[in-house]
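In full-length UniProt numbering, the protein residues as written are 1 to 481.
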Amino acid sequence: MKYLSTRGQSPAQSFSEILLGGLAPDGGLYLPETYPHFSADDLNRMRGMNYRELAFEVLSRFATDIPADDLKAIIDKTYMADVYCNVREGENAEDITPLHTLEPNLHLLCLSNGPTIAFKDMAMQLLGNLFEYVLDKAGQDINILGATSGDTGSSAEYAMRGKHNVNVFMLSPHGKMSRFQTAQMFSLQDANIFNIAVNGVFDDCQDIVKAVSNDHAFKAANKIGAVNSINWGRVAAQIVYYFKGYFAATDDNSQQVSFAVPSGNFGNVCAGHIARMMGLPIKHLLVATNENDVLDEFFRTGVYRPRGSANTYHTSSPSMDISKASNFERFVFDLVGRDGDKVRGLWTEVDKGGAFDLASTTLSEQSAFAKVPEFGFQSGASSHAHRMETIRHTWETYGVMIDTHTADGLKVALEQREADVPMLVLETALPAKFEDSIREALGCDPVRPASMQDLESLPQRFVVMDADAEAIKRFLVEKTA
Ligand SMILES: *Cc1c(COP(=O)(O)O)cnc(C)c1O
């Protein structure tokens, strides 16, 4: 299996070759040259599989340059019940992604039972083990530099802690994360994890990462890498739980289901799109946004219009507060018939701060937007008031506590579900992660997983630095010498 760039001007690469990188050299994102397809017989065979077996079945089609036995070993040590152990009472951690039924044909697919209690652990834990494997083989090492406002940073650190050949330098705005998030990251004592609390805001942290990445000589000399949401390995890992959820919610493979996906960078729902292209019987993929509704606007109108920072809102589902949806280009590539020239043209506008409209037609051509229904996509958006209402409704009706991001998904699911089609809402974080919002909605504290009871009282390991890219470069060089 080779990988192509959505902008059509980069040489085809293997899975291992693109694993450690980010964007393709032409600025595009990597996608497989064709999607593998599961036949009816394949799906029948897969129905009885556990998570690890399913993951191998799916990922072995993508990671074709990793020997099967090695890939199996990597998957087996990643998807273990004692890693994804933060389950609700009554759920089985062996399921890895348990299905929690709220009422007939309405389910939560619980993706947030990993070490940082958010769905990013599903992919990031695999990535940690894949990175270690590929780097070991190549005799290389890597220094991951990232910026976080709380969520991605912690899942990257928990995935990379203690790994050979990998160091993580994570910038966060000093004093701006919640006590829980701060404790989650800073309590890690592993020698390869460096928490840098920057005197500034999240944008300052991100600017430093950009400045370092743009210093090509420094980047090459110090083997700087990233684990951002466009990483193909992350998207591939996320495809697996769509299969797992489908089999758990249906009795046989003649049935269709729909998924509602709380969305920001479009990584999660992009994996659902690929699962559908691979033959999984998905009727609808509901893209659920918060007030940052660039994706909902596209699926309603055909216009994709990324926002500036002045129009990007801080909301109570902060992990979905995005101005542009970085993985969206992957779907548009498929929507326009995998025409790299076309995608390059569209993103020339976007990269200049502009927008594009796929609903516009020429005489000779049906609009690309008219093809969206063939891909099963629908969308909806919600506000803070909707989230509070949905959290209350879910608690009162089903006795289940959900977080604000999952509430964005469930709100749209309740509006758009069809009576006879099972609806699976992806649970992207546990409520314990967003205590303030739960207190506001329900007037009580969320339950914490047992392993996190005393998180804030653990010793913390971090350094405080000014928002000075040169000083941070010196720190990195010193620590990796
Ligand atoms: C990252 C994240 C999302 C958004 O996922 P995308 O793949 O960026 O669309 C939703 N909810 C939570 C809790 C997240 O951490």
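By construction, the Cβ of each residue, glycine as well, lies at the ideal position given by its N, Cα and C atoms.
| Asked | Found |
| --- | --- |
| Check this for me: beta carbons of GLN238 and ARG461, under 7 Å apart or not? | no |
| From the DSSP output, in three-state form, read off GLY128 for me. | helix |
| Per DSSP, CYS444 forms a beta bridge with which residues? | DSSP output for CYS444 lists no bridge partner at all. |
| DSSP three-state label for CYS270, please. | helix |
| Have a look at the DSSP bridge pairing and note the partners of HIS100. | LEU108 |
| Check whether the Cβ of ALA428 lies closer than 6 Å to any heavy atom of ligand 1, and answer yes or no. | Contrary to the premise, residue 428 reads as Thr rather than Ala in this sequence. True, at least one ligand heavy atom lies under 6 Å from that Cβ. |
| Enumerate, from N- to C-terminal direction, the unbroken beta strand (DSSP E) stretches of 3 or more residues contained entirely within the segment 176-245. | 193-199 |
| Runs of 4 residues minimum, wholly inside the UniProt domain "Threonine synthase N-terminal" (2-79): which ones carry the alpha helix (DSSP H) assignment? | 15-19, 40-46, 51-62, 68-78 |
| Look up MET170 in the DSSP assignment and give the residues it is bridged to. | GLY146, ASN195 |
| Within 10 angstroms of the Cβ of ASN50, are there 16 or more other Cβ atoms? Answer buried if so, exposed if not. | exposed |
| Identify the continuous alpha helix (DSSP H) that holds LYS411 and give its terminal residues. | 404-416 |
| Would you say ASN222 reaches chain D, if we count a Cβ-Cβ gap shorter than 7 Å as a contact? | Within the model displayed, chain D is absent; a lone protein chain is all it includes. |
| Are there three or more Cβ pairs, one per stretch, closer than 8 Å when the segment 123-138 is compared with the segment 94-111? | no |
| Mapping DSSP to helix, strand and coil, what is GLU94? | helix |
| Is there at least one non-hydrogen atom of ligand 1 closer than 6 Å to the beta-carbon of MET465? | no |
| Just tell me which of LYS223, LEU19, LEU127 has its CA closest to the CA of THR78. | LEU127 |
| Verify whether the separation of the beta carbon atoms of HIS107 and LEU426 is less than 7 Å. | no |
| Give every residue of the same chain whose Cβ lies closer than 8 Å to the Cβ of GLY146, excluding the five residues on either side of it in the sequence, and list them in chain order. | THR152, GLY153, ALA156, VAL168, PHE169, MET170, LEU171, VAL209, ALA226, VAL227, ASN228 |
| Measuring CB to CB, does PHE259 end up less than 7 Å from GLY267? | no |
| My understanding is that SER379 touches ARG300, with C-beta atoms under 8 Å, so please give their C-beta distance in whole angstroms. | 7 Å |
| Do you know offhand how far PRO104's Cα is from ASP251's? | 13 Å |
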